[in-house]
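These notes are about the structure you will find just below.
Residue numbers (the working numbering), protein chains in the order written: chain V, 67 to 179; chain Y, 2 to 114.
Below you can see the structure in the form of structure tokens.
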């Protein structure tokens with residue numbers, strides 16, 4: 067299965083600022099996904115990122131708030147813009163595995179103060 | 002009603018016990034069923050993958066799907082303290098990459114030495 071390196075692993079950010087999370091995959095993958103994981107809640111898909119096209123956002127998530135880049139088949143970034151304390155969460159990137167299921171990065175634990 | 006329901010636990014068992022983790026779902030179109038294990042401060046890792054109904058065994062782990070009851074289970078035999086983690090079920094209508102997965106909230110398991 068693909069191995070995903072995600073950074074930063076954690077950050078504490080000021081309200082109103084932006085944070086960019088990076089994910090690097092060790093093999094080429096067609097689709098990458100960005101999730102949010104809040105305590106006591108299931109993983110929530112933010113958007114699907116395909117190389118060469120605009121990301122597809124799920125209901126409740128918009129490009130202005132969560133811009134995504136996918137410049138090539140091994141890399142993607144998610145930016146959390148104009149942050150508020152409600153954005154405090156764990157953000158996870160994932161990619162298709164070689165056979166079934168998704169491979170996940172180790173997550174970015176974001177705290178907005 | 003949520004599409005996927007999972008008891009959040011925590012579930013505490015003594016070392017060596019058989020653990021049963023369960024999810025129920027409402028969407029009869031789900032065909033692919035997965036179990037992920039997530040250690041603290043790590044991303045989820047795929048444990049088991051099952052298509053349609055039936056059982057699948059891998060070492061100490063057995064995944065079971067009962068589509069007639071819309072119920073899936075993960076059994077862990079001879080549980081070890083290293084099995085202490087959060088276990089998430091996930092399911093989708095079609096294969097990985099072509100449709101999003103729906104995750105349960107996760108069950109926190111603690112195996113006591």
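Note that CB positions come from ideal geometry on N, CA and C, so glycine has one too.
Neighbourhood of residue i by C-beta, 8 Å cutoff - its chain only, sequence neighbours within 5 removed
i                     : result
residue 159 (chain V) : 70, 72, 87, 89, 98, 99, 100, 101, 142, 144, 170, 171
residue 179 (chain V) : 78, 79, 80, 81, 151
residue 95 (chain V)  : 68, 139, 140, 161, 162
residue 34 (chain Y)  : 50, 51, 52, 64, 66, 73, 90, 91, 92
Under 9 Å by beta carbon: chain V residues contacting residue i
i                     : result
residue 43 (chain Y)  : 170, 172, 173
residue 9 (chain Y)   : 106
residue 101 (chain Y) : 99, 111, 114, 124
Other residues of its chain near residue i: CB distance less than 7 Å, five sequence neighbours each side excluded
i                     : result
residue 92 (chain V)  : 68, 69
residue 124 (chain V) : 111, 112, 113
residue 13 (chain Y)  : 111, 113
residue 127 (chain V) : 112, 113
residue 84 (chain Y)  : 77, 110, 112
residue 154 (chain V) : 176, 177, 178
Within chain Y, the residues that residue i reaches when beta carbons sit closer than 7 Å
i                     : result
residue 107 (chain V) : 106
Chain V contact residues for residue i, given Cβ-Cβ distances below 7 Å
i                    : result
residue 35 (chain Y) : 167
Identified DSSP bridge partners for residue i
i                     : result
residue 134 (chain V) : V:144
residue 45 (chain Y)  : None; residue 45 (chain Y) has no bridge partner.
residue 15 (chain Y)  : Y:113
residue 77 (chain V)  : V:176
residue 57 (chain Y)  : Y:64
residue 71 (chain V)  : V:90
residue 76 (chain Y)  : Y:21, Y:63
residue 93 (chain Y)  : Y:33
Beta-carbon neighbours of residue i, restricted to chain Y and to distances below 9 Å
i                     : result
residue 158 (chain V) : 44, 45
Contacts around residue i, its chain only, beta-carbon distance under 6 Å, and the 5 residues preceding and following it disregarded
i                    : result
residue 84 (chain V) : 145, 147
- Query: Does the segment 39-57 of chain Y come within contact of the segment 5-15 of chain Y, defined as at least 3 CB pairs closer than 8 Å?
  - Reply: no
- Inspect the CB distances between the segment 120-137 of chain V and the segment 14-29 of chain Y and report whether three or more fall short of 8 Å. no
- Going along the segment 111-144 of chain V in order, which residues come within less than 7 Å of chain Y, judged by CB to CB distance? 111
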